[in-house]
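Sequential numbering of the sequence shown, starting at 80, is according to the numbering used here.
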Amino acid sequence: MNLFRVRGIQLAVHFSFFLLVAYSAWSGWREDRAEGVFWYTLVLLACFGCVILHELGHSLTALHYGIGVRRILLLPIGGMAEFDSIPREPRREILITLAGPAVNFVLAGLLWVVLPPAPTEESASLTLLEFGHVLLLWNLLMGGFNLLPAFPMDGGRILRALLALRVSYLRATFWAATVGKGVAILGIGAAFYFEQPMLGILFSFIVLVGELEYRAVKRRERVEAQLRTLYGDASLLPPVENDPPVLRG
Numbered sequence: 080m081n082l083f084r085v086r087g088i089q090l091a092v093h094f095s096f097f098l099l100v101a102y103s104a105w106s107g108w109r110e111d112r113a114e115g116v117f118w119y120t121l122v123l124l125a126c127f128g129c130v131i132l133h134e135l136g137h138s139l140t141a142l143h144y145g146i147g148v149r150r151i152l153l154l155p156i157g158g159m160a161e162f163d164s165i166p167r168e169p170r171r172e173i174l175i176t177l178a179g180p181a182v183n184f185v186l187a188g189l190l191w192v193v194l195p196p197a198p199t200e201e202s203a204s205l206t207l208l209e210f211g212h213v214l215l216l217w218n219l220l221m222g223g224f225n226l227l228p229a230f231p232m233d234g235g236r237i238l239r240a241l242l243a244l245r246v247s248y249l250r251a252t253f254w255a256a257t258v259g260k261g262v263a264i265l266g267i268g269a270a271f272y273f274e275q276p277m278l279g280i281l282f283s284f285i286v287l288v289g290e291l292e293y294r295a296v297k298r299r300e301r302v303e304a305q306l307r308t309l310y311g312d313a314s315l316l317p318p319v320e321n322d323p324p325v326l327r328g
């Protein structure tokens, strides 16, 4: 479902996201009836509001460098921005990538400055102060989690950009995706051990999308090589808007 646009970027919600909202509301009802529904739903929507700001950090930085952003899609496992392409210049990719976690760390810093210390006594229900501390912790966790070297997460893209300073872009993508699969497999194991199925689904999704992006880069490199062989350059490649979108969280 399309919601609204920010700087021409369509914000959309996948239907499965509403299942998560319903599950959260049901959990709140079981915990504390109507008040539980209110707080559980508010916390969920506020956390995903931070996800949107994270994706806008990536997207607006990409627009600054002339890269089109088709939409930001909210899923139960998080947000996903669809870029027309990823810059081959390592410096630009690093800046675009760091912009997302930077938003989370800035939000966490602002909340840390304005919020008084969290209460030590447990209250019967969530308070506004505790709500603020939940958002502070969420932004720290989100910013740090995205910096894991699990390509195509932010940390994996930074790894790819750093490797691209020394080796070819395709080789850098291969090694970043390979390291990302290893990290994701460890994450899946940890998710099963700690009985966190959503985390397991997230890491499985990371493996899939990382492999798809590596194959897309490999395919495009092969086409470029063929054009160089035939015409002496790769300038006859089709426009990037005809390529599949690059997905990033």
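Where a beta carbon is used, it is the ideal one built from N, C-alpha and C, also for glycine.
Residue state for Gly-235 is assigned as helix, using DSSP reduced to three classes. Taking 8 Å as the upper bound for CB-CB distance, Glu-172 and Arg-236 are in contact here, some 6 Å apart.
When only Cα atoms are considered, Phe-224 and Leu-124 end up about 19 Å apart. The C-beta of Arg-301 has fewer than 16 other C-beta atoms within 10 Å across all chains shown, which makes the residue exposed. Pro-198 and Ala-251 have their C-alpha atoms spaced approximately 47 Å apart. Arg-84 is bridged by DSSP to Gln-89. DSSP, reduced to helix, strand and coil, places Arg-294 within a helical segment of the structure shown. Separation of the CB atoms of Ala-160 and Ile-151 is rounded to 5 Å, and the pair is thereby assigned contact status at 8 Å. By the C-beta criterion, the stretch 171-185 is judged to be in contact with the stretch 233-247, since at least 3 inter-stretch pairs fall below 8 Å. In the three-state reduction of the DSSP assignment, Val-148 falls in the strand class, which pools E and B. With respect to the 8 Å criterion, Val-148 and Ser-138 are classified as neighbours on the basis of their beta carbons.
In the three-state scheme derived from DSSP, where H, G and I count as helix and E and B as strand, Ala-160 is classed as strand.
Relative to Leu-153, the option among Val-130, Phe-162, Leu-291 whose CA is nearest is Val-130. About 10 Å separates the beta carbon of Pro-155 from that of Ser-103, a gap too long to meet the 8 Å contact definition.
Under the three-state reduction of DSSP, Leu-153 is assigned to strand.
In this structure Pro-180 is buried. Its beta-carbon is surrounded by 16 or more other beta-carbon atoms within 10 angstroms. Taking every protein chain shown into account, the CB of Lys-297 has fewer than 16 other CB atoms within 10 angstroms, so this residue is exposed. Our two residues, Pro-166 and Ile-146, have alpha carbons roughly 8 Å apart in a direct line. Within 10 angstroms of the beta-carbon of Gly-188 lie fewer than 16 other beta-carbons, which makes it exposed.
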